[in-house]
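In this note's numbering, the protein residues as written are 46 to 439. Backbone N, C-alpha and C define an ideal beta-carbon position, used for all residues, glycine too.
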Amino acid sequence: MPASHKHSHNHVSQPRTQDIQPSLLSIQDSYYTPSAIKERLKYAKRALQNQERKLSPIGARSFRLYRDSCARLLAIENGDVSELGPEEEVAAAKAIWKETLYTYDQFFQHAPWLIPAPSMEAQKLQDHLISLQKAVFCSRYADIFAGLCIPMKTDLGAKRGDEYWGRMGGKLQLEEDAYPGESTAERAHRQEECPTHLAVSRACARIGLEYNGSMELIRLYTRNEMENTTLIHLIKNNLFDDLKTQLHRDCHNIPLLFDSDDDQQSLEVLESVINAVIDVMFSRHGSDLNDPRRWTGSKALKNFHRQLHTVSWIRRDVMGMIVKKVRKRMRDAEDEEKMLEMLCLTGFLPQPGRQGKRGAGPRGLDGERNRAETMREDWLEIMRAVGANVGCVG
């Protein structure tokens, strides 16, 4: 590593902002010596441990992959991996992990979600934006979670943020009034004239959120119009396209708002619930799964819409029917998964590429290759998913 990248800790308990800048990881540095890997490992640990400039949930997930890959390569360098055999196998394993780290390194100078907030004010905005998004998400599906006996905290600091968003809403409105003919994205590029729009766009980029959707949420929240985002409102008013967009966005945003390091199983449950809601409301097949424009309204959705306009039906009854269908869909999906697992075990279907929680999986060089490929796929999946959102801002 160049000397300019060395840091002096000076017995500071919390790492400073300049200690965790991406310049430490140059994409031109493909020479991964043990000392260079140690520097990368220190870099990742400092970023994850910094309590003053916290990474977003998706940024933390990315850094955990980076940290674990560095640690694995160092373990192989130090001879601590007993499963590897002759020198040729050890050398091949090192090459696999160096290639994995090189894949990671190429993103550090272009991915804002891998960079911590540059100031305390930026950190505060990032924290409030995540809290607002989580509170709205939990509120939108509160009846469904309750009906499925899934405990969820619906009070996630949104009330504490009322005063904050009141001030932010006022600043955003002043900037909108100054440039009434421009779009939200255009105002974000006016760095001096519209600093609040710019700050929100950068916070969205660090979190991985889509900027225009986040701005619309802030507007609705500050104007006390959140009722317009509820599932019942969208169904009753025949806003099926908006419903598709909202469901797709919510499912996509789960890993951006909830940290998988806290409870991976909880994230999987949330994703299962939202996917079940989508399958109840819409028909989607094959390549259409992640393209809401191609989803078509289900018979159940049309029935819900009709029932909400019938005097004898009240909102609670319709939501109860939605919960019942979601519960059945989740039960069916679980049965399908068990059947596929049984067919794999009996040999009627090939085993999936990734090893599940059961079974030790391959060892030796094949084990290293599988582990590295899985982590690299996870990394690239994050980059693709978050990059699509952040690309909307420019």
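- In its chain, beyond the 5 residues on either side, Cys-183 and Phe-190 have a beta carbon closer than 6 Å to the beta carbon of Met-197.
- Bridge partners of Gly-342 according to DSSP: Phe-327.
- Under the DSSP assignment, Tyr-266 falls in the alpha helix (DSSP H) whose first and last residues are 256–267.
- Scanning its chain for C-beta atoms nearer than 8 Å, with the 5 sequence neighbours on each side dropped, one finds around His-293 the residues Ile-323, Asn-335 and Pro-337, in chain order.
- A Cβ-Cβ separation of about 19 Å leaves Leu-100 out of contact with Leu-146 under the 8 Å criterion.
- Per DSSP, Phe-108 is one residue of the alpha helix (DSSP H) stretching across 102–122.
- With a 10 Å radius around the Cβ and a threshold of 16 neighbouring Cβ atoms, Asp-222 comes out exposed.
- Using a Cβ distance threshold of 8 Å, Pro-102 and Arg-251 do not count as a contacting pair.
- Across the set Asn-269, Ile-280 and Arg-360, the C-alpha of Ile-280 shows the shortest separation from the C-alpha of Lys-344.
- Of the other Cβ atoms in all chains shown, 16 or more fall within 10 Å of the Cβ of Gly-104; this residue is therefore buried.
- Between Ala-89 and Arg-112, the CB-CB gap stays under 8 Å.
- A Cβ-Cβ separation of about 14 Å leaves Gln-352 out of contact with Val-368 under the 8 Å criterion.
- The stretch 157–174 and the stretch 120–138 do not touch, with fewer than 3 CB-CB distances between them shorter than 8 Å.
- When rounded, the separation of the alpha-carbon atoms in Met-213 and Thr-241 is 8 Å.
- In this chain, the alpha helix (DSSP H) harbouring Glu-166 covers 165–185.
- Around the Cβ of Ala-321, a 10 Å sphere holds 16 or more other Cβ atoms; the residue is buried.
- In this structure Ala-233 touches Cys-239 by the C-beta definition: roughly 7 Å separates them, less than 8 Å.
- Asp-411 and Trp-424 have their C-alpha atoms spaced approximately 20 Å apart.
- When only Cα atoms are considered, His-330 and Ile-121 end up about 44 Å apart.
- Only exposed fits Glu-426, as fewer than 16 other CB atoms lie within 10 angstroms of its CB.
- Cβ atoms of Val-314 and Lys-370 stay farther apart than 8 Å, at about 18 Å.
- With respect to the C-alpha of Glu-97, the residue from Cys-296, Trp-142 and Ala-162 having the closest C-alpha is Ala-162.
- By the CB criterion at 8 Å, Ile-319 and Cys-296 fall inside the cutoff.
- Distance check between Met-165 and each of Gly-226, Ala-244 and Ile-359 places Ala-244 closest, using alpha-carbon atoms only.
- Take the alpha-carbon of Tyr-256 and the one of Tyr-209: they are about 19 Å apart.
- Measuring C-alpha to C-alpha distances from Thr-341 to each of Lys-143, Phe-285, Thr-419 and Thr-355 identifies Phe-285 as the nearest.
- Glu-422 carries a helical assignment under DSSP once its states are collapsed to helix, strand and coil.
- Note that the C-beta distance between Arg-185 and Thr-275 is below 8 Å.
- Around the beta carbon of Gln-309, a 10 Å sphere encloses fewer than 16 other beta carbons of the protein chains shown; the residue is thus reported as exposed.
- Between the C-alpha atoms of Leu-193 and Glu-379 there is a straight-line separation of about 15 Å.
- Annotated three-state conformation of Pro-240 is helix, per DSSP.
- Shown here, Ser-127 sits in coil according to DSSP, grouped into three states, outside any helix or strand.
- Under the three-state reduction of DSSP output, Tyr-76 falls in the coil class, being neither helix nor strand.
- From the listed residues Pro-225, Glu-220 and Gly-226, the smallest Cα separation to Gln-236 is found for Glu-220.
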